[in-house]
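Participant:
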Amino acid sequence: MSLGYQSPRRRRAGDMTWGIIASMLFASFGFGGTFSYERSEKLCFPDDFIFGVATAAYQIEGAWNTSGKGESIWDRYTHERPDRIFDHHNGDVAADSYHLFRQDVRMLEYLGVQHYRFSISWPRTLPSGLSNEINEDGIRYYMELLDELNSHGISPIVTMYHWDLPQALQDLGGWTNPIIAEYFVDYARVLFDHFGDKVNVWLTFNEPLSFCHDGYGGLDAPGAHSSGFEDYLCAHNVLRAHGMVYRLYMDQYKDKIKSVGITLDFSWLEPATTSDADQKAAETARQFYFGWFAHPIFSKTGDYPPIMRERVDTISKRQHFTRSRLPSFTPEEVEMIRGSSDFLGLNHYTTYLIAKNKGKISLTPSFEADMGGIVSQKKEWPKSNSTWLKVVPWGFRKSLNWVRLAYDNPTVFITENGMSLERGLKDSRRINYLDGYLKALLTAMTKDNCRVVGYTYWSLMDNFEWTRGFSERFGLYEVDYDSPNKVRTARSSAEYFKQLAQTRCIPTWNYTV
Ligand code: PNW
16 MSLGYQSPRR RRAGDMTWGI IASMLFASFG FGGTFSYERS EKLCFPDDFI
66 FGVATAAYQI EGAWNTSGKG ESIWDRYTHE RPDRIFDHHN GDVAADSYHL
116 FRQDVRMLEY LGVQHYRFSI SWPRTLPSGL SNEINEDGIR YYMELLDELN
166 SHGISPIVTM YHWDLPQALQ DLGGWTNPII AEYFVDYARV LFDHFGDKVN
216 VWLTFNEPLS FCHDGYGGLD APGAHSSGFE DYLCAHNVLR AHGMVYRLYM
266 DQYKDKIKSV GITLDFSWLE PATTSDADQK AAETARQFYF GWFAHPIFSK
316 TGDYPPIMRE RVDTISKRQH FTRSRLPSFT PEEVEMIRGS SDFLGLNHYT
366 TYLIAKNKGK ISLTPSFEAD MGGIVSQKKE WPKSNSTWLK VVPWGFRKSL
416 NWVRLAYDNP TVFITENGMS LERGLKDSRR INYLDGYLKA LLTAMTKDNC
466 RVVGYTYWSL MDNFEWTRGF SERFGLYEVD YDSPNKVRTA RSSAEYFKQL
516 AQTRCIPTWN YTV
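At position 11 of the sequence shown (counting the first as 1) the number is 26 in the working numbering, and the numbers step up by one without a gap.
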């Protein structure tokens, strides 16, 4: 994801749920094997804490038009607008996991992870997006993947929507059309019916901030580039759709489905200076970038954050709109969405600075103007291979603490964290990133009492990085895209992660390796 500087962008899971998942999983792994060190000297996570890795359908599967799969907005976008993709590539083949998933599971087994987070492609299962026509090959594919995972004792954590909307639904306006919430519920029902008993944890959406703000407000697929307008419509319908699926699960699937949550991304937003104006601007920015989705679901009162309501209403008026560009929920919708997640899935990668924007508000609507902050990063912060991703471990601890204080210490599951580099197997900088972020996480848990139950590294292997194509590599495994079999090779970080997942202690690593 290239965010540049335009954008950094309760029911609680009973501890029981996680305890059960963890104990089921740990029963199938032999710990304490090859690594012998004094546990007391080590920085270790709790016994029921789980480690895993993540991927997403469009980024790894390929087989874009195989065996009845429908077209997605990313298929359409990469085919029609290759100029919008950094290296002009697409996900037609990607890592070919549609054919190579058994190899992927062997890699997971080698790493010894307790869970694997992947996503189901909506158009692979429902080619037109609607549930009148189910693509049996799509059901077969995910059934085989789930069986393979479960037979190896790896717990599947499944995202229903990781950005690959059926193109047929985009033709109706996609996430800006309110009817899509009903269609998403139909899709969720198909998933619950077919896969419900094979999946421990469901996530409705991955990072609505990214696909609404960058897809409808910017130049990710579908590339609507309508900031401060379509991004708000998108978010509104995503929140409705999420709440409706959660209620479906509570009302009709409670005996079959174990837990349902959502994944939100939260980059830490630090005031650029200690001035009151910048501190206030940073807090407002957190409410816009994170509270936009988190407040309706995880706060006691529900609905959009009051500061967001107030600012968008006021600025819309000044811009001569007859109504606010930020839509309103009915009281029933507020209630339906409030508390509609068993836990908070959190993606965290980096930190930004926020300074108050002292300029005049323009007549052209935009999310950034509504938010009122100027986004930057410090030059000194260590770089990755993504312009937006700087290595700032302390921001992770601050994000977790902000969540703890804002939403009464909800159960948090880290669904993504990771770093991009160039090609290469000796990725000591990735190990260094992991070391810093894992220590920040452990401190947030032990010193600050943040309730975090699991950690997921992005990503198992290199994959199609959206508008950055194949140029940014996040994988513990390197993928050779030029080889016909998309050969996967373990990096140094895979060995590091293997130790982590099998001991639950942060490995001491020889960085010269
Ligand atoms: C995530 N930020 O997006 C996505 O879930 C993945 O599909 C993607 O491959 C991965 O991160 C790496 O880019 C992000 O601004 C979008 O901090 C924005 C941010 C982070 C992650």
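Heads up, the beta-carbon is just placed ideally off N, CA and C, and yes, glycines get one too.
For S43, is the classification buried or exposed, using 16 other Cβ atoms within 10 angstroms of its Cβ as the cut-off for buried?
Facilitator: What you label residue 43 is simply residue 28 of the sequence shown in a count that begins at 1. For S43, the pLDDT reaches just 33, beneath the cut-off of 50, and the residue's location in the model is therefore unreliable, although a value from the coordinates is still provided. Exposed, by the Cβ-count rule.
Participant: Do the segment 135-146 and the segment 97-109 make contact, defined as three or more Cβ pairs closer than 8 Å?
Facilitator: no
Participant: Closer than 7 Å: is that where the CB of Y364 sits relative to any heavy atom of the ligand PNW?
Facilitator: In the sequence shown, the residue the question calls residue 364 occupies position 349. Yes, since a heavy atom of the ligand PNW falls inside the 7 Å radius drawn around the Cβ of Y364.
Participant: Since I believe I195 is in contact with H130 (beta carbons under 8 Å), could you give me their beta-carbon distance rounded to a whole number of angstroms?
Facilitator: Indexing the sequence shown from 1 puts residue 130 at position 115. Indexing the sequence shown from 1 puts residue 195 at position 180. In fact, because the Cβ distance is near 29 Å, the residues do not count as touching under 8 Å.
Participant: Let me know if N147 comes out buried or exposed under the rule of 16 or more other beta-carbons within 10 Å of its beta-carbon.
Facilitator: As a position in the sequence shown, residue 147 is number 132, starting the count at 1. The residue in question, N147, is exposed, as its Cβ has fewer than 16 Cβ neighbours within 10 Å.
Participant: Can F411 and A455 be called in contact, C-beta distance under 8 Å?
Facilitator: Working through the sequence shown from its first residue, we reach residue 411 at position 396. Working through the sequence shown from its first residue, we reach residue 455 at position 440. Contact: yes.
Participant: Less than 7 Å between C-beta atoms, sequence neighbours within five positions excluded: which residues of the same chain meet that for L436?
Facilitator: On the sequence shown, residue 436 is found 421 positions in, with the first residue counted as 1. Excluding residues within five positions, the ones whose Cβ falls inside 7 Å are S399, N400, D442, R444, R445 and R488.
Participant: In this structure, how does DSSP classify F358 when only helix, strand and coil are distinguished?
Facilitator: Taking the first residue of the sequence shown as position 1, residue 358 is located at position 343. Coil at F358, not helix or strand.
Participant: Between the C-alpha atoms of L58 and D450, what's the straight-line distance to the nearest angstrom?
Facilitator: Your numbering for residue 58 matches position 43 in the sequence shown. Your numbering for residue 450 matches position 435 in the sequence shown. Taking the straight line from one Cα to the other gives about 11 Å.
Participant: State whether the segment 110-120 contacts the segment 64-81, with contact taken as three or more CB pairs (one from each stretch) at a distance under 8 Å.
Facilitator: yes
Participant: Distance, Cα to Cα, M460 vs E95?
Facilitator: As a first step, residue 460 is located in the sequence shown; it is residue number 445 there, counting from the start. As a first step, residue 95 is located in the sequence shown; it is residue number 80 there, counting from the start. For M460 and E95, the distance between alpha carbons rounds to 46 Å.
Participant: For E325, which option in L475, M386 and E86 has the closest C-alpha, if you only look at C-alpha atoms?
Facilitator: Along the sequence shown, one-based indexing puts residue 325 at 310. Of the listed residues, the one whose Cα sits closest to E325 is M386.
Participant: Any idea what DSSP makes of Y511, helix, strand or coil?
Facilitator: Taking the first residue of the sequence shown as 1, we reach residue 511 at position 496. Correct three-state label for Y511: helix.
Participant: On the DSSP letters alone, give me the boundaries of the beta strand (DSSP E) that P286 sits inside.
Facilitator: In the sequence shown, counting from the first residue as 1, residue 286 sits at position 271. Residues W283 to P286.
Participant: Kindly identify the DSSP beta-bridge partner or partners of M476.
Facilitator: Walking along the sequence shown from the start, residue 476 turns up at place 461. According to DSSP, M476 bridges with Y492.
Participant: Express the C-alpha separation of T379 and F512 in angstroms, rounding to a whole number.
Facilitator: As a working mapping, residue 512 is identified with position 497 in the sequence shown. As a working mapping, residue 379 is identified with position 364 in the sequence shown. In a straight line, the C-alpha of F512 is about 47 Å away from that of T379.
Participant: How far does the beta strand (DSSP E) with Y131 in it extend, from its first residue to its last?
Facilitator: Translated into positions along the sequence shown, residue 131 becomes position 116. Y131 -> beta strand (DSSP E) spans H130 to S134.
Participant: Quick one: is D62 buried, meaning 16 or more other Cβ sit within 10 Å of its Cβ, or exposed?
Facilitator: The residue given as residue 62 occupies position 47 in the sequence shown. That one is exposed.
Participant: Is the segment 464-478 touching the segment 488-498 in the sense that three or more CB pairs, one from each, lie closer than 8 Å?
Facilitator: yes
Participant: If you measure between the beta carbons of V128 and F66, is that distance less than 8 Å?
Facilitator: Along the sequence shown, read from residue 1 onward, the residue named residue 128 stands at position 113. Along the sequence shown, read from residue 1 onward, the residue named residue 66 stands at position 51. Yes, the pair counts as a contact, with Cβ atoms nearer than the cut-off.
Participant: What is the residue span of the alpha helix (DSSP H) that F529 lies within?
Facilitator: What is shown of the chain runs 16 to 528, which leaves residue 529 out entirely.
Participant: Between the Cα of Q302 and the Cα atoms of F336, I330 and L224, which residue gives the shortest distance?
Facilitator: Against the sequence shown, residue 302 aligns to sequence position 287. Of F336, I330 and L224, the residue nearest in Cα terms is L224.
Participant: In terms of alpha-carbon separation, which member of I429, S381, T366 and Q182 lies closest to W403?
Facilitator: Looking up residue 403 in the sequence shown gives position 388. Of I429, S381, T366 and Q182, the residue nearest in Cα terms is T366.
Participant: Considering only their Cβ atoms, is the gap separating N432 from D463 smaller than 8 Å?
Facilitator: One-based indexing of the sequence shown puts residue 463 at position 448. One-based indexing of the sequence shown puts residue 432 at position 417. Contact flag unset, no.
Participant: Mind listing, in chain order, the continuous beta strand (DSSP E) runs of no fewer than 3 residues lying wholly within the segment 385-465?
Facilitator: 388-391 and 427-431
Participant: So, at 6 Å on beta carbons, what are the nonlocal neighbours of G47 in its own chain, with the 5 sequence-adjacent residues on each side left out?
Facilitator: Numbered from 1 along the sequence shown, position 32 holds the residue referred to as residue 47. Bear in mind that the predicted position of G47 carries a pLDDT of just 28, short of 50, making it unreliable; the figure below should be weighed with that in mind. For G47, where only same-chain residues beyond five positions count, there are no Cβ hits under 6 Å.
Participant: Can you say whether K332 is buried or exposed, counting buried as having 16 or more other CB atoms within 10 angstroms of its CB?
Facilitator: As a working mapping, residue 332 is identified with position 317 in the sequence shown. Exposed.
Participant: Return the chain-ordered list of same chain residues with a C-beta closer than 7 Å to the C-beta of T458, the five sequence neighbours on each side being excluded.
Facilitator: Position 443 of the sequence shown holds residue 458. Taken in chain order, the residues that qualify are R412.
Participant: Report the residue ranges of all alpha helix (DSSP H) runs contained in full by the segment 275-359; include only those spanning at least 4 residues, in chain order.
Facilitator: 291-301, 307-313, 321-333 and 346-352
Participant: Give the C-beta separation of I352 and L254 to the nearest angstrom, bearing in mind that I take them to be a contact with Cβ-Cβ under 8 Å.
Facilitator: For the purposes of this step, residue 352 is identified with residue 337 of the sequence shown, where counting begins at 1. For the purposes of this step, residue 254 is identified with residue 239 of the sequence shown, where counting begins at 1. Confirmed, about 6 Å.
Participant: Rounded C-beta distance between T9 and D235? I'm assuming under 8 Å.
Facilitator: For the chain, the structure presents residues 16 to 528; residue 9 sits outside this window and is missing.
Participant: With C-beta atoms as the reference, is A256 less than 8 Å away from I330?
Facilitator: In the sequence shown, the residue the question calls residue 256 occupies position 241. In the sequence shown, the residue the question calls residue 330 occupies position 315. It is not a contact, given that the beta carbons lie outside the stated cut-off.
Participant: Among the candidates F210, N215 and Y247, whose CA atom is the shortest distance from the CA of F226?
Facilitator: Looking up residue 226 in the sequence shown gives position 211. The candidate whose alpha carbon is nearest that of F226 is Y247.
Participant: Could you have a look at S55 and say whether DSSP puts it in helix, strand or coil?
Facilitator: The count along the sequence shown starts at 1 and reaches residue 55 at position 40. Below a pLDDT of 50, predicted positions are generally treated as unreliable, and S55, at 48, falls in that range; the measurement from the model is reported next regardless. It is helical.
Participant: Secondary structure at I154, three-state DSSP: helix, strand or coil?
Facilitator: As a position in the sequence shown, residue 154 is number 139, starting the count at 1. Helix, per DSSP.
Participant: Taking DSSP as the reference, what is the three-state secondary structure of T365?
Facilitator: Locating residue 365 in the sequence shown gives position 350, counting from the first residue. If DSSP states are grouped into helix, strand and coil, T365 belongs with coil.
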